[in-house]
Amino acid sequence: MCYVGKATKIFIFIVAALVVTGLVLGFGLFRSALHKSHKCSGDSCNDQASPAVFPNPTTPSAPTSASTLTPIPNPSSNPYPPPPAPNPGSTPTPTPPPPEVMPPPPPPVVVTAAPPPNFAPPSPVVTPGPVQSSVASTDEGNKGPSIWDTFTRQPDFSNVDTAVDQHHRFEIAILAVLITASKCLVHGAETPRLSIITDKEALISFKSGIDPETLGPLLTWDQTLSPCNWTGVWCNDKVGARVVELDLAGLGLKGSISPQIGNLSFLRSLQLQNNQLMGTFPYQLGNLFLLRVLNMSFNSIQGVVPQNISRCTELEILDLEKNEISGRIPEELSSLAKLQVLNLGSNLLFGSIPPSLANLSSLVSLNLGTNKLGGMIPGDLSRLQKLKQLDLTINNLTGTVPSSIYNMSSLVELALASNDFNVDTAVDQHHRFEVNSKDAFSHLNLDY
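1 is the number of the first residue of the sequence shown in the UniProt record's numbering; add one for each residue after it.
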């Protein structure tokens, strides 16, 4: 995972921009040079002068046009042919005196023969390699190369068509770099870098919300020391010296609970019971995914039970008794499969008892007493095969008590007093008689 700060994000962005710019410019120069090299390999090249061709005197050459070649005379030879030999028997005729010999002319300027119009230097013969063969096979029928060949074949600079291949590969590489960098930057912007430092900051924020007059028990919370040495704080070296337990029960602390307590991401147990804490129930507690024990009973906490508390899937004990929590019992609590104790007694809850609470298969104790709950007792609660304690006293429950509740073999304590049940039916009286004669109950309160 990428955890980066603001300065690091800016640095990564600048470096990524420079790298991408350099790659784009370099690839553009490379492609231009490759295209120019291929262009000059044919007869249409105008950028390079044709080399001069001289005839080899030792080998026969093709006849050259008189208009293009100038003969070079031999200055040592006689420019005049010798006289013909006389015929025997004929009268010799006087030979005229030879004319005055003229000095030899200066050497003529050598004119280089220009190549014929249809002359082209021989080009090297290139044998198609395996890559060219595969390209030829895929290009057959003017279908173009397949996506697989375009992505997987190796570069071959002897074929100008590989420029397109290089272009595709370059675009894919740049796209992968940009996607990776954007993911890292976005993730770094949204996710805080949690560590023992953030644990310490969360605890300091909690301390700042406590009334200074009641801070006596927290005098050891010195910012110059490790939080693992503070009162009520336990750390675990196996998880990088992170805070795993915070137990401040019964210290008489007065104040509110800081929302930053939700940053204690390795917290297993939070016990704040028997204090004078006020304020609303912080919904950030739903971020404590490893939390097993949450006990804030006997305080003055207000608000509602947040729905996202269901994200604490490891929760085994949820005790909010004796507070000022209002609203309805959230249906989302039914997803806490490991919950063993649910204590919401002595609050201001209203509405009906959610039948979905029957999905809490691990539940051992359920206390919803002393609230303003109405409606009937859901018969589905009888599916709680491990339930030993059921307290529904002092509510506004109506109707009759389901017979399946009386027949729960696991129940040890059953309290239904001070409700509006219908007690005039013979069936209810019969059930109460059976329950009263049952030896399994250690505590039974049916005075409704």
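The beta-carbon is built from N, C-alpha and C at its ideal position, and this holds for glycine as well.
Residues near residue i in its chain [Cβ-Cβ closer than 6 Å; skip 5 each side]
i, result
"residue 389", "365 and 413"
"residue 328", "351"
"residue 347", "323, 325 and 371"
"residue 342", "318 and 366"
"residue 359", "334"
"residue 309", "286"
"residue 404", "379 and 382"
"residue 19", "none"
"residue 270", "246 and 294"
"residue 375", "352"
"residue 14", "none"
"residue 399", "376"
"residue 198", "263"
"residue 332", "307 and 310"
"residue 230", "220 and 221"
Those residues which DSSP pairs with residue i across a bridge
i, result
"residue 277", "255"
"residue 302", "280"
"residue 263", "Bridge partners of residue 263: none, in fact."
"residue 246", "233 and 270"
"residue 310", "None; residue 310 has no bridge partner."
"residue 380", "BP columns for residue 380 are empty, so no partner."
"residue 318", "294 and 342"
"residue 348", "326"
"residue 210", "255"
"residue 420", "398"
The ligand NAD heavy atom lying under 6 Å from the CB of residue i
i, result
"residue 347", "Looking at this structure, you won't find the ligand NAD or any other ligand, since it has none at all."
Same chain only: Cβ atoms within 7 Å of residue i, ignoring 5 sequence neighbours per side
i, result
"residue 200", "227"
"residue 232", "246, 247 and 248"
"residue 190", "With a pLDDT of 37 at residue 190, under the threshold of 50, the modelled position of this residue cannot be trusted; read the value that follows with caution. Contacts found: none."
"residue 410", "385, 386, 387 and 388"
"residue 133", "Bear in mind that the predicted position of residue 133 carries a pLDDT of just 45, short of 50, making it unreliable; the figure below should be weighed with that in mind. Nothing listed; no residue qualifies."
"residue 65", "Per-residue confidence for residue 65 stands at a pLDDT of 47, beneath the threshold of 50, marking its modelled position as unreliable; no derived number is given."
"residue 223", "204"
"residue 214", "252, 253 and 254"
"residue 244", "234, 235, 236, 266, 267 and 268"
"residue 17", "none"
Beta-carbon spacing of residue i, residue j below 7 Å
i, j, result
"residue 256", "residue 278", "yes"
"residue 275", "residue 299", "yes"
"residue 242", "residue 281", "no"
"residue 314", "residue 339", "no"
"residue 207", "residue 221", "yes"
"residue 258", "residue 303", "no"
"residue 320", "residue 344", "yes"
"residue 212", "residue 251", "no"
Nearest to residue i (by Cα), restricted to the options the options
i, options, result
"residue 355", "333, 369, 381 and 195", "381"
"residue 396", "314, 422, 264 and 402", "422"
"residue 263", "252, 254 and 285", "285"
"residue 272", "220, 334, 253 and 289", "253"
"residue 330", "307, 314 and 316", "307"
"residue 415", "392, 13, 403 and 402", "392"
"residue 361", "403, 345, 383 and 332", "383"
"residue 235", "268, 224 and 261", "268"
"residue 316", "215, 292, 305 and 344", "292"
"residue 305", "337, 336 and 349", "349"
"residue 363", "244, 336 and 229", "336"
"residue 196", "373, 240 and 24", "240"
7 Å Cβ cutoff, residue i in contact with chain D
i, result
"residue 303", "The structure shown has no chain D; it contains just one protein chain."
Beta-carbon contacts of residue i that lie in its chain and below 8 Å, excluding the five residues immediately before and after
i, result
"residue 394", "369, 370, 371, 417, 418 and 419"
"residue 311", "286, 287 and 289"
"residue 407", "382"
"residue 260", "201, 202, 205, 206 and 284"
"residue 301", "257, 277, 278, 279, 280, 281, 320, 323, 324 and 325"
> What beta strand (DSSP E) runs, 3 residues minimum, are completely inside the region 357 to 411?
Replying inline: 365 to 367, 372 to 375, 389 to 391 and 396 to 399
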